[in-house]
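Accompanying notes for the structure given below.
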Amino acid sequence: SMNLQNPRSGFPRQVLHGVIAVVCVASLRWSSPLALAQEAPEAQSQEMTTTEEAPKIPNDQLDSLVAPIALYPDDLLAQTLAASTYPLEVMQLEQWMGKNTNLKDKALADAVAKQPWDPSVQSMAAFPDVVQRMGENIQWMTDVGNAVLAQQKDVMDAVQRMRAKAQGTGNLKTGSEQKVETKTTQGGQQVIVVEQANPEAVYVPSYDPEVVYGAAPAEYPYYPYSYPG
């Protein structure tokens, strides 16, 4: 039910270092991107007002929204969520990568580091499959980014609900590509952690949500999300 693809794994790991950290397993924290976007007091004030006025996205809708990526390994999931808050830059990255297919590994890392994009977006160059998926599902990516900015904890709770569903159907388990464990956070919360089995290779899963999780709630069907090719 799941197809796991291994993208190029020789991308220098130091490029990813410091961009995003998974803290206490339960919550994701970004080193700077989200804070930097709101440095000016006026912008911060406006942002807070907008967030307070926006209606909260219901849990069922968030579940449907994160369904295509909830089974990604934790580190890749964190990067994808952070990058989704910069949808225009992700689209620029996709176009740039299409014009620079000759660049590999360190040469690719060095070249992308010179581009004027957020570090979370630059780091996605290591995962061309994921960049292509995000670029071909622009509305989905934009909606995910908005949800992350407005309801970060709710998004992570949705990921946990979907992982629990996939575990319940027997479609999320430890194998040669990934290690799946249930851990207890410092706050006493039980969370399902997905890590890559091999530190040097990240497998990107492709799957049909109906098969992996079971049927979606009638009110919020799974988000229209297409896999390239």
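Following the numbering used here, the numbering of the sequence shown begins with 10 at its first residue and continues without gaps. No residue lacks a Cβ here, since even glycine has one placed at the ideal position from N, Cα and C.
Can you give the Cα-Cα distance for residue i and residue j, rounded to whole angstroms?
i: Ser80; j: Arg172; result: In the sequence as displayed, the identity of residue 80 is Leu instead of Ser. Each residue's Cα considered, the two are about 6 Å apart.
i: Pro67; j: Leu112; result: 42 Å
i: Leu97; j: Thr89; result: 14 Å
i: Gln104; j: Asp114; result: 18 Å
i: Ala227; j: Asp119; result: 47 Å
i: Ala116; j: Asn109; result: 10 Å
i: Pro246; j: Lys123; result: Because residue 246 is not part of the residues shown, which for the chain are 10 to 238, the question remains open.
i: Met165; j: Leu158; result: 12 Å
i: Thr95; j: Pro82; result: The residue asked about is misnamed: residue 95 is Tyr in this sequence, not Thr. Approximately 21 Å, taken between the alpha carbons.
i: Asp271; j: Tyr236; result: This structure cannot settle anything about residue 271, because the visible part of the chain is limited to 10 through 238.
i: Met143; j: Gln131; result: 14 Å
i: Met150; j: Ser73; result: 13 Å
i: Glu186; j: Gln205; result: 6 Å
i: Ala134; j: Val121; result: 7 Å
i: Ala224; j: Ser215; result: 17 Å
i: Asn207; j: Glu145; result: 28 Å
i: Lys65; j: Arg170; result: 18 Å
i: Gln160; j: Gly196; result: 19 Å
i: Val99; j: Gly107; result: 12 Å
i: Gly179; j: Leu102; result: 36 Å
I'd like to check one pair, residue j with residue i: are the Cβ atoms closer than 9 Å?
i: Val203; j: Lys188; result: yes
i: Val75; j: Phe136; result: no
i: Ala239; j: Asp127; result: A query on residue 239 cannot be resolved here, the shown segment of the chain reaching from 10 to 238 and no further.
i: Ala175; j: Tyr231; result: no
i: Thr193; j: Ile201; result: no
i: Val220; j: Leu85; result: no
i: Asp69; j: Tyr234; result: no
i: Leu71; j: Asp138; result: no
With DSSP as the reference, label residue i as helix, strand or coil.
i: Thr89; result: helix
i: Glu190; result: strand
i: Ser129; result: helix
i: Cys33; result: In this prediction, Cys33 has a pLDDT of 29, which is less than 50 and means its spatial position is unreliable; what the coordinates show is noted afterwards. Coil at Cys33, not helix or strand.
i: Pro77; result: coil
i: Pro137; result: helix
i: Pro96; result: helix
Return the first residue and the last residue of the beta strand (DSSP E) that residue i is part of.
i: Ile201; result: 199-205
What span of residues does the alpha helix (DSSP H) with residue i cover, start to end?
i: Val220; result: 218-222
i: Ile147; result: 147-159
i: Glu209; result: Element bounds for Glu209: n/a, residue is neither H nor E.
i: Leu112; result: Here Leu112 belongs to no alpha helix (DSSP H), and DSSP marks it neither H nor E.
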